[in-house]
Ligand code: PHE
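Residue numbers (our numbering): 23 to 475.
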């Protein structure tokens, strides 16, 4: 009980709720995953698919999850035991969510480690160059060192355990609330610099003029997977955070704001990266290294650029913290509430497991380079299973539950704050979408994307 009181502390103001939720959404997804996937999958056409998935799948599932969490006021697995009236094993969706949390943290902590590393590289001058070869080499050297990779990951794990043990403290929220606008501003600065490089317009064309001939079912699945990953949905994070929401918080409005703010950060990252990619002769389909080679290169073209690079990666590392803490909160909330163990024990045991498991992802650029399953190394495989299988499947079932099994009366009570809000039209639209549109879309894309049809 004591833990619960501590945990719910931080969510007392409406701004605090938005900061925490946005803190979970904004992270490596915006500045690392979004640009690299957009680059690999052909640019603007991928962006269009991603936007459609965000509105028709992401937003409704986010509203459903937050409402379910707030209604039950407990962790994700318990929520899915408590709310259903039927005897079906809905809680398995929560279990899949915990599995997804492990898989995501296994690779996310590694990339966050690279971000931290780049702060030091910037200060030492190692990444101050506009030469594509030098930049790719620096990145390549970093990921091919097993010791460096493991140290990066374990360092990040130690840092987030420290924060989670203290509870979702005011500290991290205050920090994200203040620093998020600075990150935003810095993205605007890189964006302007990137746009004013000679030859930048090719990048804008790539990002905004779609060529739909390149779309396949796999592209669609990846775009939808990104929408899930971005909004932290389909695996219990938003359900857990929903349980900390205030009773008078307007859920549909909050979710819409978070979605729009999150999209704008991604768009800014795209505008900061793609014009520079084309102007400086980088390749848009460089994949995971894209962020690490283009951002320093753009800044390197201005005086004192290394300071901006350092600042950028400092802010980026802070943005990753809010996201990682929210992922870790899923198993930790479950363990503390279910087995009545302390937050410290729950966090440390979870993190230890992630360290063991995550090292397989961390070493996939070096020692385990040739160890592949389904044609993917462990890093890519963990990413693929979580974003493209577990989260969409979880989201599908959450939408089906909210639309068909929870009961329209209960949905309406949560979405209107028991009648206090007059948003009947929103409730009607939401129910229609989670009943028909979201499940059908996810099902069709999932089955085709995984080549099961
Ligand atoms: N939304 C986060 C990001 O974009 C990642 C995340 C996924 C967070 C799942 C919580 C749950 O970086």
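Virtual Cβ for every residue (Gly too), placed ideally from N, Cα, C.
Is it right to say residue i is buried, meaning 16 or more other beta carbons lie within 10 angstroms of its own, or is it exposed?
i	result
residue 360	exposed
residue 27	In this prediction, residue 27 has a pLDDT of 39, which is less than 50 and means its spatial position is unreliable; what the coordinates show is noted afterwards. It is exposed - the Cβ of residue 27 has fewer than 16 other Cβ atoms within 10 Å.
residue 233	exposed
residue 490	The first residue shown for the chain is 23 and the last is 475, placing residue 490 beyond what the model contains.
residue 446	exposed
residue 253	buried
residue 466	exposed
residue 324	exposed
residue 57	buried
residue 149	buried
residue 216	buried
residue 462	exposed
residue 55	buried
residue 346	buried
residue 89	buried
residue 395	exposed
residue 343	buried
residue 136	buried
residue 471	buried
residue 387	buried
Check whether the Cβ of residue i lies closer than 6 Å to any heavy atom of the ligand ATP, and answer yes or no.
i	result
residue 134	Summarising the ligand content, the structure contains the ligand PHE and does not contain the ligand ATP.
By DSSP's criteria, residue i is part of a beta bridge. Which residues make up the other side?
i	result
residue 395	398
Considering only the beta carbon of each residue, do residue i and residue j sit closer than 7 Å?
i	j	result
residue 99	residue 112	no
residue 91	residue 261	yes
residue 183	residue 373	yes
residue 448	residue 82	no
residue 53	residue 291	yes
residue 337	residue 201	yes
residue 335	residue 130	no
residue 543	residue 287	What is shown of the chain runs 23 to 475, which leaves residue 543 out entirely.
residue 127	residue 317	no
residue 213	residue 340	no
residue 119	residue 257	yes
residue 247	residue 410	yes
residue 76	residue 69	no
residue 381	residue 172	yes
residue 96	residue 263	no
residue 205	residue 133	no
residue 123	residue 414	no
residue 85	residue 222	no
residue 157	residue 315	yes
residue 78	residue 242	no
residue 125	residue 407	yes
residue 115	residue 419	yes
Under the assumption that residue i contacts residue j (Cβ atoms under 8 Å), give the Cβ distance between them as a whole number of angstroms.
i	j	result
residue 154	residue 304	5 Å
residue 66	residue 230	5 Å
residue 219	residue 302	7 Å
residue 41	residue 188	Not really, about 17 Å apart at Cβ, beyond 8 Å.
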